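Numbering (the numbering used here), first residue to last: 12 to 161.
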């Protein structure tokens with residue numbers, strides 16, 4: 012009888028250890044990483060090439076937003092105004108910024124979506140930015156993401 016309770020106690024203790032040391036840190040750390048400069052994925056000494064190659068880049072008034080997708084999770088978007096006739100988009104980041112931090116790959120492989128919102132001769136497009144990049148880069152992530160178009 013005592014052995015049975017001892018086994019149950021061990022199983023419950025193991026479950027609690029897994030919960031405390033694995034699941035809670037995974038769920039609590041990403042929001043905290045946003046503020047931790049030790050985890051920065053940029054090299055500030057190289058990070059001076061803002062807008063390299065696209066001097067006419069025009070950001071939306073609200074440069075980024077956060078939406079809840081069909082999966083119930085947050086998704087980050089960086090918003091740009093581009094000429095209506097543009098059909099090819101290439102997202103990129105400032106030199107020295109590491110963007111290949113998740114299964115989404117580097118910035119040039121990130122998804123760019125067009126919206127139905129227009130203003131005179133421009134249309135609004137956005138780049139989906141992986142949460143991993145947002146959490147690791149932290150505040151100001153939207154300033155290092157850019158869009159080339161053709």
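Virtual Cβ for every residue (Gly too), placed ideally from N, Cα, C. This one's a predicted model, so the numbers in the text were calculated from it and none came from an experiment.
Buried or exposed: where does residue i fall if 16 or more other Cβ atoms within 10 Å of its Cβ makes it buried?
i           : result
residue 105 : buried
residue 91  : buried
residue 72  : exposed
residue 85  : exposed
residue 25  : exposed
So residue i and residue j are supposed to be a Cβ contact under 8 Å. How far apart are they, rounded?
i           : j           : result
residue 95  : residue 129 : 7 Å
residue 119 : residue 102 : 6 Å
residue 160 : residue 93  : 5 Å
With a CB to CB cut of under 6 Å and the five nearest residues on each side skipped, what residues in its chain are close to residue i?
i           : result
residue 155 : 104, 105 and 108
residue 122 : 139
residue 97  : 160
Counting along the chain, where does the alpha helix (DSSP H) carrying residue i start and finish?
i           : result
residue 84  : Premise fails: residue 84 is in no alpha helix (DSSP H) and is neither H nor E.
residue 142 : 142 to 148
I'd like to know if residue i contacts chain B, where contact means its C-beta is closer than 8 Å to some C-beta of that chain.
i          : result
residue 91 : Absent from the structure is chain B; it holds one protein chain and no more.
Could you pull out every residue in the same chain whose Cβ sits closer than 7 Å to the Cβ of residue i, ignoring the five residues on either side in sequence?
i           : result
residue 125 : 134 and 136
residue 117 : 110 and 111
Excluding the 5 residues flanking residue i on each side, which residues of the same chain have their C-beta closer than 8 Å to its C-beta?
i           : result
residue 22  : none
residue 132 : 94 and 95
In terms of residues, what are the limits of the beta strand (DSSP E) holding residue i?
i           : result
residue 159 : 156 to 160
Report the start-end ranges of each beta strand (DSSP E) in the stretch 112 to 136 that is 3 residues or longer and not cut off at the edges.
Segments of the beta strand (DSSP E) lying fully in the stretch 112 to 136: 123 to 130.
Which runs of the beta strand (DSSP E) fall wholly inside the stretch 68 to 105 and span at least 3 residues, in chain order?
The stretch 68 to 105 contains these whole beta strand (DSSP E) runs: 69 to 79, 85 to 94 and 100 to 104.
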